[in-house]
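In our numbering, the protein residues as written are 195 to 429.
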């Protein structure tokens, strides 16, 4: 496949959203000030405002270029995110300048020195969620012969984002944390619901982007089920 300017822009957007999400995820934000599973408000990581875009872009990649190309981009995103994490970790180990005090280092570590449990949860949830999303979308496109894009995008998001949300919350704050079962369930459900709503609201834009890219790229790949193997890059 010849990598066009349009493809490069889409891939750049995907990776930018992924890396940005992992950086801003350390800040909790209040989504709604209502009672939710015993808490006085629905509180989620700030990444909720941008991370769902990665699934929308993933839908576009799979719908236009096919699962094989989407698979390569997913692995590329994983590698780039890992590179950023390693760079941040190394920079935190190097002694700071003479005017860089303990409070400065503490602030740096709090924002950029991510907890190992959160990193493990993030990487596992990302791979499982993104590949599930792309696989379900490709399967539905094959079964439905390319019809009803909105059913396929929302359906794949229900599966992919559901797995992503529950895996991340239960590993990061259950396995590596001390959250109660109720708190874990409440946070995972809230993320899942909001991400699905995000996808539903963005459906008209998804239609516009998909139709535009199919026309510009002159591509509309439909995968057969036996080709949906998440391992490999562009093999």
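Virtual Cβ for every residue (Gly too), placed ideally from N, Cα, C. From a predicted model like this one, the values you see are computed outputs, not experimental measurements.
- Annotated as distal: residue 277 and residue 267, with beta-carbon spacing of 7 Å or more.
- Burial is judged here by how many other beta carbons sit within 10 angstroms of a residue's own beta carbon; residue 290 has fewer than 16 and is exposed.
- Just measuring C-alpha positions, the residue of 367, 376, 284 sitting nearest residue 302 is 284.
- The straight-line gap separating the alpha-carbon atoms of residue 244 and residue 299 is approximately 27 Å.
- Looking at the DSSP output, residue 230 bridges to 233.
- Taking residue 417 as reference, the option from 331, 356, 273, 315 with the minimal CA-CA separation is 331.
- Beta-bridge pairing by DSSP links residue 223 to 238.
- Contact check for residue 385 and residue 242: beta-carbon distance about 6 Å, within the 8 Å limit, so the pair qualifies.
- Annotation: residue 264 to residue 202 spans about 13 Å, alpha carbon to alpha carbon.
- Excluding sequence positions up to five before and after residue 217, its CB lies less than 6 Å from no other CB in the same chain.
- With a 10 Å radius around the Cβ and a threshold of 16 neighbouring Cβ atoms, residue 376 comes out exposed.
- In this chain, the alpha helix (DSSP H) harbouring residue 385 covers 375-395.
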